[in-house]
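*Asks:*
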Amino acid sequence: MTSAVLLLTGRRKAALAVVAAGAAVALLEDPEGVRKFWSDVPDYVKAGQRLLGRLEGIIEQVADQGQTLKDVLRRG
40 MTSAVLLLTG RRKAALAVVA AGAAVALLED PEGVRKFWSD VPDYVKAGQR LLGRLEGIIE
100 QVADQGQTLK DVLRRG
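Here the sequence shown stands for residues 40 to 115, where the numbers follow the working numbering.
1) Pick helix, strand or coil for Arg93, following the three-state DSSP scheme.
2) Give every residue of the same chain whose Cβ lies closer than 6 Å to the Cβ of Val32, excluding the five residues on either side of it in the sequence, and list them in chain order.
3) When you compare only the Cα positions, how much space is there between Leu108 and Pro70?
4) According to DSSP, simplified to helix, strand and coil, what is Asp103?
5) Quick check on the DSSP output: the alpha helix (DSSP H) that includes Thr48 runs from which residue to which?
Structure follows, in structure tokens:
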């Protein structure tokens with residue numbers, strides 16, 4: 040969470056340092072959990088890509104409907 044706030048406020052180097060420190064602590068405390076997470080990363084990426092694809096489709100539909108509404112209002 041802290042690294043996300045730092046990243047959003049433009050402090051990229053500090054955010055990276057916090058992420059690295061957190062990863063090191065996680066690796067020391069639960070190495071098997073970190074290995075499992077790392078092996079699951081491709082699945083997370085695929086799920087994210089599917090979500091973005093769906094969002095893209097929804098945005099395109101909204102844009103098309105907006106254009107249709109504009110056309111109707113111009114005629115009326």
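Virtual Cβ for every residue (Gly too), placed ideally from N, Cα, C.
*Replies:* Once the coordinates are examined:
1) Residue state, collapsed to three classes: helix.
2) Any question about residue 32 goes unanswered here, given that the chain covers just 40 to 115.
3) Roughly 55 Å between the two C-alpha positions.
4) Three-state result, Asp103: helix.
5) Premise fails: Thr48 is in no alpha helix (DSSP H) and is neither H nor E.
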